Every structure is written in structure tokens, then in C-alpha cells.
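Counting the sequence shown from 1 gives a position; this note's numbering is that position plus 269. Where a beta carbon is used, it is the ideal one built from N, C-alpha and C, also for glycine. Please read these numbers as outputs of a predicted model, since none were measured by experiment.
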Amino acid sequence: MTITAAPCVNDGCLMVRGKVVLTHVPTNIILSPGISGAAFLGSTSPIPTSRHVFTLGILEGYKHLCLYRFKIWWMIPGYGKSGSEIPLETQLLLLEIKEESVVEDDDSSGPPTPTTFYVLFLPVLDGDFRTSLQGTPANELQFCAESGDANVQNSQILEPVFINSGDNPFELIKNSIKILEKHKGTFRHIENKKIPAHLDWFGWCTWDAFYTEVNPQGIKEGLQSFSDGGCSPRYLIIDDGWQDTVNEFQKEGEPLIEGTQFATRLVDIKENSKFKSSESDAWCNNLHEFINMIKGKFGSKYVYVWHALTGYWGGVLPSSETMKKYSPKIVYPIQSPGNIGNLRDIIPDSLEKYGVGIIDPQKIFDFYNDLHSYLSSNGVDGVKVDAQNFIETLGSGFGGRVLLTRRYQQALEQSTSRNFKDNNLICCMSHNSDSIYSWKISAVARASEDFMPREPTFQTLHIASVAFNSLLLGEIVVPDWDMFHSKHDTAEFHGIARAIGGCAVYVSDKPGNHDFEILRKLVLPDGSVLRAKHAGRPTRDCLFRDPVMDGKSLLKIWNLNKLSGVVGVFNCQGAGSWPLKQTIKDMPSTPLVISGNVSPCDVEFIEDVAGENWNGDFAVYAFNSGSLSRLPMNGNIKVTLATLKCETFTISPIRVSGEGVHFAPIGLLDMYNSGGAVESIDENMKNSSEFIIKIKVRGCGRFGVYTSLKPSSCIVDMEEEEFIYNSENGLLTLDLTGDCNFRDIEFIY
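Here it is in C-alpha cells:
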């Protein structure tokens, strides 16, 4: 028998690379060959309907990772070995398949064998239908295709589930998204998008600092307290609380009726009275003056403001004179059985009762354009657009959830492109495939449920969720890890995650409540950050292990800089439980101490940044311990961490010069992502007796390199500088003083 990579169905079995992936495949399942060895799975039904559930077959015997929506807004990872463990609303399913089609013991260690390959299932959009995966107690793998409108029906759906396979899981996901980008034409891969400039600067969001009570005086006090500490945010997000809204269901003087706060509706596109002249804030007559002031006084480069996709949580007020031109009307959401089958959410549940003021889809661009042009004229540089998934519940009567989402998304992207520079749009609460596969321009999206400073059992879940969700989201957008608090029990835990996440670094500290020691490890004095190249994702040996609840696995997250790799290691065990999973009854009273290994081979594609003179070895620098080790590709270092503790490792390829010097730049040793400071490396002969290695770096502080020989001198921007050399481990350090501009360092041998 000829074994091909392309999926096929033989004798009722779905085969991939000669391995049986699904058994008992029904006869109504249709496999349509795609390109590059991929395919689509679809099905037919004798009866047209707006919601289909089809069984694909029986799934047993393979470790799997899935990403599923546990509530309407957000995804989290799930792990298992059979179809029964695949939740409703699964939007990515990855199988690990080895030479022997049995599940290995979870205690097995070491990298996968050379015969390991991976099978990827992606439920996608097909016409007016949106698809998700789910399992049954009988280990059936099913797909659910739904339009969200009882009048939008079909009896066959031919391309709802994409299937592909590969030897490298990260390449597999990337290549699959690129195939779908070309084939579907409804979204773009992140490589084909303009990346907003704010990502490279430190930011502050007002949400956790003030919630909806945000006001100009509080923002001013917050920016002043950052400035006094020498760490000024260069971008600001004015979150919920600046808009002119009304709650029709809240009677003055009466207690709040729970749920009505989400029915609050937008009255006007202009700012509310808090951001207009008042006796206490005479310096702030309007939004324009306020933004000019904070940009001029505090050096803010970018100011974003928040709004919901529907205007506000409860939409817009139909009776408002400003809103009448957009022909809004009150509609009542209809939630998908998949959503309410997992974890219900108070927002859509409340709005089922109170309704949403939705703008006519034919006029939604006019609304966004009016809103954004007003904001832009007042100095606003971009928007964070929240509650995006809610549109999926409003599709009835509008052609269905996919069509309505696409209309809103296209209008939003068209308006932000017209009114703001640099693609300054942050998508939020947007983890449904309707949105994900409609992002043609959107380049940044929140990657998990909120950071919640008052919820100690949510901290580890937050880190693990973003890392795993980034496997999918990171191919389409830059995942936004959300704000955190610099002065918090878990500040370093969150700080290191963002340092290696390839994402924005921003906090939501209350004025005067900062830990500048943490911030200085993330932010350079000019307000810029050392952002890694890609989305931070779990290392390959972590993909099928539960880092939150299995009690034994550390979470490792990898990324690349221009000339090095970085791995963050986190102990997420013993501090929380996944939603919809049985809660850990006896949470450890003392930290759960776990050991694991870190290796250069944890960094995927590190050979791409190693250079032609790489000798196959690496200099590995541990941030917290300050230790420097030399390792081969498959070498490893043992790391032991207690619950909610972490460590980060810079992994720099060692280059061998023509004179036999083994050299590897580490970077700024007091920054969590040390290697992000190194821009380039070069070498040349100065004369017959001197050899020079030259590197370009940015930033200031303690800088380190590994060198097998002590240089005769170090020159920084044409001036000789003193250095310290440790001959035992090869670590050379010198102090870079002054500003944060790019500078040239020459090591002369």
C-alpha cells in the first residue's frame, strides 16, 4: 500500500499518513482534497436546517490538545486522549501521533521520537455557516455547523472542517492558516498585516485603576506618578467610562437591578461630562484639550479609547437624536446551544431580557466613521473594541451570525484604517471563529479572559490560556496578554510572561501604586520595550500536558529575538482549576515544588537566527540566578520552581570567529528578555594582529556576552570602556550608560 500524507477515507476509517485517525466514519461524510496534502471534511443532510450536528467518526488512542470557548467571549485549552474529552465549542484540535498508535504514559519524558507527527483539525467558516467541534460520551468526534438565523438553511456543507498533518506542530498550524487564508479569502495571516506601533512601547490602561469611574484628574495623577518614578507610559488606553450613556432600567435613588448595567446604551459619540469643563478640572474643557495636555506634559505617543462593537454593552439608544440617523432598533439575542452548554455569561443572559440597541448593518460604517473621525479630530490615535463576539447572538433576521459579524468587522476595519494611522485597533472579547476568520486588517487581539487582580486562583490560568491560545491566534494577530499590576503578588509571574510573549507590555496600576523595580526589568528609560519576534507559545514537549492541573508539569513558553531564543518557565500548578473541570479540593497550603528541564531545542527555528558561523552550541543565561551555561542543542538544565514562581532563559547560539573565538551575545542582563536588546553581529580583521567582533545593541544598563577568550579591549561608540570577565564561565559584562539609542560595541582580540 502506498502511504500518502493526504487524508483519505478507506473502509470507514479516516487515514492520515497510513495511520487510522478516526474509525466508524459515516457514509455521509465527504472528504474534499485540498492543496499541499490537506483536505476538508464535510457532510450532507436530507433536511435543510440552520444548525447541523454531524458525526465524523470515533476518536481514540491519541493525545490531543484542543482550544475551546468555555464561555461566549474566550477560549482556553483542553487536554485528553479520546473524543469524549473534546468540549463543545472546540475551535482547534491537535493530535499527537506516534509510530505505535497507543497513548504513552504521561510520565514519559524527552522530546518526541522522530516518528511523531501531528494532525490538525480546524473548524472554519463555510459560506454563511460557522463550525465548531465537539465530542460525545461514545468518543465520537462531531462538528456543529450553524448559521445563527433560522431562515438561513442548507442541506450540505462541504468545507467546514479543515484537516492537515505535519512533523512540526508550529509549522503545521502556520502553513494551515496560510492555506486557509488563500482558499477562503476572508482573513489574512499576521505576516500580511501592518503591526501597530504602540506594541513597542510601555502602556497604561485605566480599567483596573478606576473601572468605569475613570476621569481626567485620575488619569493625570496616574501619569504623574509614573513620571515621578521614571517610567512613563508612552501609550494610554482610556477604558470604559468616558462615553455618554444611559441606563433606562435604573431609577434614580433606587438600588441597581443586577444585570441592567449591561443594558446601558450609548447616547452620543462625544465624551461624557467627566471629560468636559468642571470646577475641579478647569484645565480640561473637552477631550481634545485633555489629550493634548497629556501628550505634551507626559510624553504619551498614543492614546486609545474603548468602545464596544455595538457602541456600548447594551448597544445604542434608539430614541437618541444623535443615534436616529443610524436606524437602530432593540433586538434580543439568541445564544447558541454550544455557548450555553459550557459556561453561561451574565452579559448575554441579561441582554436576553433587556435587549440590545443594534445599528442597521447598512449604516454601521457611518456610525464607526462618525465616531472615529470625531475621536481622531480630538487627538485619539486608536481604539480598543470590546464585546465583539456578542454579534453572533444577533444574527437572526440579518442573514445570520457569519454575515453580520463580517459586515460589522469590515466596517470597523474600514473606519479605523481611514481615521487612524498605523492600524491602531485592538480587538477584544472576540474568540469566536466568526471574528477570527474575518480579520483582514485587525492585527492585535486580546488572547484570554481579563487579568483579575483580586482573583488569586485565576493567575496561573491566565498565563497558560494566553500561551496555548496563541497557537491559533498568533498566526492571525499579535496576541495581547492584557494589562497586569506591577505591584502585586504575581507581578513578576505576569511580567516575565509579557516580556517573552512578543506582545504589548502594559499595566493598570492605581496612581501611586507601582513597583518600579519590576517595571525597569520590562521597560527601557525611553519607554520602549524589548519585544520578541513572534507570539510566545508552549514548547513542543508541553503541548499535550496540562500545566495547571496535572500536578507535575511546568509550563515552558518559547520565542525568538533577532539573534537568540528565549524560554520562560512557569509553575502554574496548585493555584487554580480550569473552568468546567473538577476543582482541586485540597489546594496545597504550601507551594507545589516541581522540577523540569530547559534545553536549547525548546526554541523552535533557533537555527534561523544562529548565523553561518554557529558551531551547534549555545550560551544559556538564567535571569534570576544569573548563571551562564554552555550547552549543545539537546543538552538541558534542570530548573526547580515553586507554585507561581518562574525563570527566564536567554539561549544564544555560539558563533566561532576566524580566530577561534567562541562568542555569543546575551544582552541586557537586568531585563527579563535580555536578548531583545541585541540587533546585529559582525566580525572582521582590523589588521594582522587584531580581530574585532562588533554588535549593535539598544538600551542601557548591564550588558553581557559569552566569550571563550578575554578581549584586549571593549569599545562602545568609539570610546573604550572597562569590563569584567569571568574566565570560569566566559561571561563578560560592561555597563552601558546614557540614553537608549542604538550603539555599537566592539570587542577587540
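Residues near residue i by beta carbon distance below 7 Å, same chain, minus five either side
| i | result |
| --- | --- |
| residue 674 | 660, 661, 703, 704, 707 |
| residue 750 | 716, 735, 766, 767, 770, 772 |
| residue 482 | 510 |
| residue 371 | Unreliable placement is indicated for residue 371, whose pLDDT of 45 sits below 50; no coordinate value is reported for it. |
| residue 700 | 338, 342, 343, 344, 658 |
| residue 727 | 721, 845 |
| residue 248 | For the chain, the structure presents residues 270 to 1018; residue 248 sits outside this window and is missing. |
Extent of the continuous beta strand (DSSP E) run through residue i
| i | result |
| --- | --- |
| residue 392 | 386-392 |
| residue 933 | 931-937 |
| residue 571 | 571-577 |
| residue 918 | 915-925 |
| residue 279 | 277-279 |
| residue 349 | 344-351 |
| residue 290 | 288-291 |
| residue 337 | 329-338 |
| residue 1059 | Since the first residue shown for the chain is 270 and the last is 1018, residue 1059 is missing from the structure and cannot be characterised. |
Sub-8 Å separation of residue i and residue j beta-carbons
| i | j | result |
| --- | --- | --- |
| residue 463 | residue 650 | no |
| residue 422 | residue 494 | no |
| residue 969 | residue 748 | no |
| residue 874 | residue 829 | yes |
| residue 998 | residue 931 | no |
| residue 434 | residue 390 | no |
| residue 941 | residue 821 | no |
| residue 573 | residue 504 | yes |
| residue 341 | residue 388 | no |
| residue 922 | residue 887 | yes |
| residue 625 | residue 583 | yes |
| residue 663 | residue 609 | no |
| residue 497 | residue 539 | no |
| residue 643 | residue 681 | no |
Residue interval of the alpha helix (DSSP H) (run including residue i)
| i | result |
| --- | --- |
| residue 680 | 670-688 |
| residue 607 | 606-610 |
| residue 992 | Note, residue 992: premise wrong, no alpha helix (DSSP H); not H, not E. |
| residue 444 | 438-453 |
| residue 646 | 633-646 |
| residue 303 | From DSSP, residue 303 is part of no alpha helix (DSSP H); its letter is neither H nor E. |
Nonlocal neighbours in the same chain, by C-beta distance under 8 Å from residue i, ignoring five residues either side
| i | result |
| --- | --- |
| residue 645 | 688, 689 |
| residue 905 | 866, 867, 868 |
| residue 518 | 526, 529, 532, 623 |
| residue 961 | 952, 953, 954, 955, 1015, 1016, 1017, 1018 |
| residue 1009 | 793, 794, 795, 797, 967, 968, 969 |
| residue 284 | 276, 277, 278, 290 |
| residue 878 | 829, 830, 831, 832, 833, 834, 922 |
Nonlocal neighbours in the same chain, by C-beta distance under 6 Å from residue i, ignoring five residues either side
| i | result |
| --- | --- |
| residue 426 | 311, 395, 398, 414 |
| residue 474 | 506, 508, 752, 775, 777 |
| residue 487 | 479 |
| residue 990 | 983, 1003 |
| residue 848 | 339, 612 |
| residue 665 | 418, 603 |
| residue 280 | none |
| residue 568 | 501 |
| residue 466 | 691 |
Cβ of residue i within 8 Å of any chain C Cβ
| i | result |
| --- | --- |
| residue 587 | Included in the structure is just one protein chain, with no chain C present. |
Cα-Cα separation between residue i and residue j, rounded to whole angstroms
| i | j | result |
| --- | --- | --- |
| residue 782 | residue 756 | 6 Å |
| residue 365 | residue 832 | 30 Å |
| residue 958 | residue 964 | 20 Å |
| residue 345 | residue 841 | 14 Å |
| residue 502 | residue 799 | 15 Å |
| residue 805 | residue 826 | 6 Å |
| residue 796 | residue 468 | 11 Å |
| residue 293 | residue 352 | 13 Å |
| residue 337 | residue 657 | 17 Å |
| residue 693 | residue 541 | 23 Å |
| residue 289 | residue 393 | 23 Å |
| residue 534 | residue 324 | 42 Å |
| residue 927 | residue 895 | 29 Å |
| residue 713 | residue 746 | 5 Å |
| residue 1000 | residue 945 | 18 Å |
Original post:
Three or more beta-carbon pairs under 8 Å between the segment 606-618 and the segment 561-568, yes or no?
Top reply: The segment 606-618 makes no contact with the segment 561-568: fewer than 3 CB pairs, one atom from each, lie closer than 8 Å.
Original post:
Counting Cβ pairs closer than 8 Å, one from the segment 521-529 and one from the segment 801-816, do we hit at least three?
Top reply: By the Cβ criterion, the segment 521-529 is not in contact with the segment 801-816, since fewer than three pairs of Cβ atoms, one from each stretch, lie closer than 8 Å.
**OP:** Indicate whether the contact test is met: 3 or more Cβ pairs, each with one atom in the segment 1008-1017 and one in the segment 968-987, closer than 8 Å.
**Re:** yes
Original post:
Should the segment 397-411 be called in touch with the segment 352-361, which here means at least 3 C-beta pairs below 8 Å?
Top reply: In short, these stretches touch, since the Cβ pair count reaches three.
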